[in-house]
Amino acid sequence: MTTALRSPARTKAMASSVRKSPRRKKSLTLTILTALMALYTLVPLAWLVINSTKTQDGLFTSFGLWFDDGHFALFDNIKQTLTYDDGIFLRWLGNTLLYVVVGAGGATFLAALAGYGLAKFDFPGRKGVFATVIGAVAVPGTALAVPQFLMFAKLGLTDTPWAVIIPSLVTPFGLYLMWTFSAQAVPDDILEAARVDGAGEFRTFFRISVPLLAPGIVTVLLFSIVATWNNYFLPLIMLKDPDWYPLTIGLNAWNAQSATAGGQAVFNLVVTGSLLTILPLLAAFLLLQRYWQSGLAAGSVKE
Amino acid sequence: MASIPAAAPPAARRRRRSWKGWQFVGPFMVVFALVFLAPIAYSIYLSLFRNRLIGGNSFVGLENYQRALQDSQFWSAFGRVALFLVVQVPIMLFLALLVALAIDSGRLYGRSFFRVTIFLPYAVPAVVATLLWGFMYGARFGLIGNINDALHVTLPDPLSPHLVLASIGNIVTWEFVGYNMLIFYSALRTVPHTLYESAEIDGAGQFRIIRAIKLPAIRGALVIATIFSVIGSFQLFTEPAILKPLAPNAITTFFTPNLYAYALSFSGQQYNYAATVAIIMGVIVMVIAYVVQLRGTRES
Numbered sequence: 000m001t002t003a004l005r006s007p008a009r010t011k012a013m014a015s016s017v018r019k020s021p022r023r024k025k026s027l028t029l030t031i032l033t034a035l036m037a038l039y040t041l042v043p044l045a046w047l048v049i050n051s052t053k054t055q056d057g058l059f060t061s062f063g064l065w066f067d068d069g070h071f072a073l074f075d076n077i078k079q080t081l082t083y084d085d086g087i088f089l090r091w092l093g094n095t096l097l098y099v100v101v102g103a104g105g106a107t108f109l110a111a112l113a114g115y116g117l118a119k120f121d122f123p124g125r126k127g128v129f130a131t132v133i134g135a136v137a138v139p140g141t142a143l144a145v146p147q148f149l150m151f152a153k154l155g156l157t158d159t160p161w162a163v164i165i166p167s168l169v170t171p172f173g174l175y176l177m178w179t180f181s182a183q184a185v186p187d188d189i190l191e192a193a194r195v196d197g198a199g200e201f202r203t204f205f206r207i208s209v210p211l212l213a214p215g216i217v218t219v220l221l222f223s224i225v226a227t228w229n230n231y232f233l234p235l236i237m238l239k240d241p242d243w244y245p246l247t248i249g250l251n252a253w254n255a256q257s258a259t260a261g262g263q264a265v266f267n268l269v270v271t272g273s274l275l276t277i278l279p280l281l282a283a284f285l286l287l288q289r290y291w292q293s294g295l296a297a298g299s300v301k302e
Numbered sequence: 000m001a002s003i004p005a006a007a008p009p010a011a012r013r014r015r016r017s018w019k020g021w022q023f024v025g026p027f028m029v030v031f032a033l034v035f036l037a038p039i040a041y042s043i044y045l046s047l048f049r050n051r052l053i054g055g056n057s058f059v060g061l062e063n064y065q066r067a068l069q070d071s072q073f074w075s076a077f078g079r080v081a082l083f084l085v086v087q088v089p090i091m092l093f094l095a096l097l098v099a100l101a102i103d104s105g106r107l108y109g110r111s112f113f114r115v116t117i118f119l120p121y122a123v124p125a126v127v128a129t130l131l132w133g134f135m136y137g138a139r140f141g142l143i144g145n146i147n148d149a150l151h152v153t154l155p156d157p158l159s160p161h162l163v164l165a166s167i168g169n170i171v172t173w174e175f176v177g178y179n180m181l182i183f184y185s186a187l188r189t190v191p192h193t194l195y196e197s198a199e200i201d202g203a204g205q206f207r208i209i210r211a212i213k214l215p216a217i218r219g220a221l222v223i224a225t226i227f228s229v230i231g232s233f234q235l236f237t238e239p240a241i242l243k244p245l246a247p248n249a250i251t252t253f254f255t256p257n258l259y260a261y262a263l264s265f266s267g268q269q270y271n272y273a274a275t276v277a278i279i280m281g282v283i284v285m286v287i288a289y290v291v292q293l294r295g296t297r298e299s
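Note that the protein sequences, when read in sequence, are chains P and V.
In terms of numbering that gives the first Met the number 0, the first sequence has 187 at position 188, counting the first letter as 1, and numbering is strictly consecutive.
In terms of numbering that gives the first Met the number 0, the second sequence has 271 at position 272, counting the first letter as 1, and numbering is strictly consecutive.
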């Protein structure tokens, strides 16, 4: 079995040959069946959008999948979400962005460098590096969390952004993707020519290889962003101070507060905050469709 | 992933062996050693010790492992995720495959709409997905409550002890069906369509084409999706942890191995035993992932 990684050009050629294939007769039955699946996907999202327009009372008194007559509180809810508790939501949003930019950005950078290094250089210990990292992909991340926490506690890093950022910097799967991508997309001849011209290895990497690796880099970046934006377990154990919470932990804290007797019920803020949390990611996926769909196709394993 | 070593890219021309490659691989490896290798070594160390208030830290050999093997809470947690695995993963992957085949068949109206729509939940954080479904499950202002009120019926409570695992299965399916669909779909798209056309000319029906051409062609994608889902099932944590306040009687502190390890560490301060539980789960996951990979590639 070989895993063929399609070079971007090859994928494109494939896609156009698919498009050229004769139009098939459309099937209404099949469309309806698939539409049921899409409905299943959309109902919870519709519920979220509809209920973010309701006041705290409206949530309890109106039907879940329709608007509350006469009360359209979306803008009020957004304002409340952003200002509640001295604007802590914005702080959480800022933290999330920090973890995403440094964590996912750094992870993509390290994976691109290392994947390229593995694909294009022969160096002592190369096989060992490869075996260790590939073995690590199967290690469940959560199994590492407790010892990571204890180590970071000893280093005095818990309750700081570093405790969330540093573990996010490593993505073995991203490394694998970048390695296969580099092996296919960067021809050795070009590198050889650059060396003959006297260009340094890093200069060659940034000037020549990075542009060739762009589709792979975007895919790894997008999936690292999702992983970091959606992370719950790691920040949950590493952070105690609400000022460093990412959105996921913060939203759950609001929900827990609402469910606790004596706590101020802010279900409307949980609902609206959830909507605000997912919008940037949904937007990123919709806008960058072209990249991640071809990136996934490139990364998928074939016979 | 375990299935990848077979996937070596075409061997590049022999290059001069030098230390230069480490300039590129080094930074990754430093962080990797810090957040992967060191914690693994540390948890093995931890699992061999016990910390008592009186007597302090002492070496106990394999005692923690013996305790885990006889720990009914650990095994009930393990049994629950194993049940989850054998029921939820096949349903999710089957649905994902059906949708991928439907979209790839070219017989749908508006197929890009379906492709993107069904994928969208992947971008929703597990915390938000669980909060959402938790609200909808709820009898207070959830859909279940609405339906009960409107029709004057009492639907079974999705958060009751005997239904909560199925309810969690529904959330996980919702989150990942589109992701798996996309992996299958991407793999299907690389099968040359001329193959189907000649099969059709030979009089093969659609189901035969699916069985004889499409499924074997995407075997690699099926294996990878299965391995990821197995790892995901054994790691189940966020969904039950978030639902717990809504269903305190149904979700115990040892509902899944991860919840158990978390409770041991952060409520019980039993770090040594928690590390042991994590190691046992890690080994089980790696063995199962390896078996899936072997089975998946052997038959091809």
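C-beta atoms are modelled at their ideal positions from N, C-alpha and C, and glycine is treated no differently.
How about residue i: is its C-beta nearer than 8 Å to some C-beta of chain P?
| i | result |
| --- | --- |
| residue 91 (chain V) | no |
| residue 212 (chain V) | no |
| residue 87 (chain V) | no |
| residue 12 (chain V) | Low confidence applies to residue 12 (chain V): its pLDDT is 46, below 50, so where it sits in the model is not reliable enough to give any reading. |
| residue 166 (chain V) | no |
| residue 74 (chain V) | no |
| residue 71 (chain V) | no |
| residue 77 (chain V) | no |
| residue 27 (chain V) | yes |
| residue 228 (chain V) | no |
| residue 207 (chain V) | no |
| residue 24 (chain V) | yes |
| residue 177 (chain V) | yes |
So residue i and residue j are in contact, right, with Cβ under 8 Å, and what is the actual spacing, rounded?
| i | j | result |
| --- | --- | --- |
| residue 258 (chain V) | residue 252 (chain V) | 6 Å |
| residue 260 (chain V) | residue 276 (chain V) | 5 Å |
| residue 286 (chain V) | residue 247 (chain P) | Their Cβ separation, rounded to whole angstroms, is 31 Å, which puts residue 286 (chain V) and residue 247 (chain P) out of contact at 8 Å. |
| residue 150 (chain P) | residue 41 (chain V) | 6 Å |
| residue 175 (chain V) | residue 121 (chain V) | 7 Å |
| residue 247 (chain V) | residue 73 (chain V) | Rounded, the Cβ-Cβ distance is 21 Å, inconsistent with contact. |
| residue 280 (chain P) | residue 217 (chain P) | The pair is not a contact, with the Cβ atoms about 15 Å apart (cut-off 8 Å). |
Compare the Cα-Cα distances from residue i to each of the options and report the closest residue.
| i | options | result |
| --- | --- | --- |
| residue 275 (chain P) | P:66, P:40, P:27, P:73 | P:73 |
| residue 289 (chain V) | P:29, P:83, P:133, P:46 | P:133 |
| residue 191 (chain V) | V:204, V:208, V:177 | V:208 |
| residue 174 (chain P) | P:108, P:199, P:156 | P:108 |
| residue 178 (chain P) | P:162, P:127, P:145, P:119 | P:119 |
| residue 180 (chain P) | P:44, P:112, P:227, P:239 | P:112 |
| residue 237 (chain V) | V:225, V:226, V:250 | V:250 |
| residue 218 (chain V) | V:169, V:155, V:296, V:170 | V:296 |
| residue 85 (chain V) | V:229, V:66, V:269, V:262 | V:229 |
| residue 94 (chain V) | P:34, P:153, P:147, P:62 | P:34 |
| residue 49 (chain P) | V:293, V:67, V:118, V:142 | V:142 |
| residue 131 (chain V) | P:51, P:223, P:256 | P:51 |
Does the beta-carbon of residue i have 16 or more other beta-carbons within 10 angstroms, so that it is buried, or is it exposed?
| i | result |
| --- | --- |
| residue 49 (chain V) | buried |
| residue 164 (chain P) | buried |
| residue 44 (chain V) | exposed |
| residue 188 (chain V) | buried |
| residue 242 (chain P) | exposed |
| residue 279 (chain V) | buried |
| residue 16 (chain V) | exposed |
Taking only beta-carbon atoms, is residue i less than 8 Å away from chain V?
| i | result |
| --- | --- |
| residue 196 (chain P) | no |
| residue 94 (chain P) | no |
| residue 149 (chain P) | yes |
| residue 145 (chain P) | yes |
| residue 51 (chain P) | no |
| residue 312 (chain P) | Chain P is shown only over 0 to 302; residue 312 (chain P) falls outside these bounds and no answer can be derived. |
| residue 142 (chain P) | yes |
| residue 288 (chain P) | yes |
| residue 254 (chain P) | yes |
| residue 208 (chain P) | no |
| residue 40 (chain P) | yes |
| residue 100 (chain P) | no |
| residue 157 (chain P) | no |
| residue 202 (chain P) | no |
Legend entry - Interfacial residues, the stretch 263 to 280 of chain V to chain P, with Cβ spacing under 8 Å: 264, 265, 270, 273, 274, 277, 278, 280
Legend entry - Positions along the stretch 272 to 283 of chain P whose CB lies within less than 7 Å of some CB in chain V: 273, 276, 277, 280, 281
Inset, instruction - Taking only beta carbons into account, state which residues of the stretch 220 to 245 of chain P come closer than 9 Å to chain V, listed in chain order. - result: 225, 228, 229, 230, 231, 232, 235, 236
Inset, instruction - Please name the residues in the stretch 124 to 154 of chain V whose beta-carbon is closer than 7 Å to at least one beta-carbon of chain P, in chain order. - result: 124, 125, 126, 127, 130, 131, 132, 135, 139, 140, 141, 142, 145
Inset, instruction - Select from the stretch 113 to 133 of chain P all residues with a C-beta closer than 9 Å to any C-beta belonging to chain V, and list them in chain order. - result: 113, 114, 115, 116, 117, 118, 119, 120, 121, 122, 123, 124, 125, 128, 129, 130, 131, 132, 133
Inset, instruction - Check distances from the C-beta atoms of the stretch 62 to 86 of chain P to those of chain V and list, in chain order, the residues that come in under 9 Å. - result: 62, 63, 64
Inset, instruction - For the stretch 30 to 58 of chain V, enumerate the residues whose C-beta is nearer than 8 Å to any C-beta of chain P, in chain order. - result: 30, 31, 33, 34, 35, 36, 37, 38, 39, 41, 42, 45
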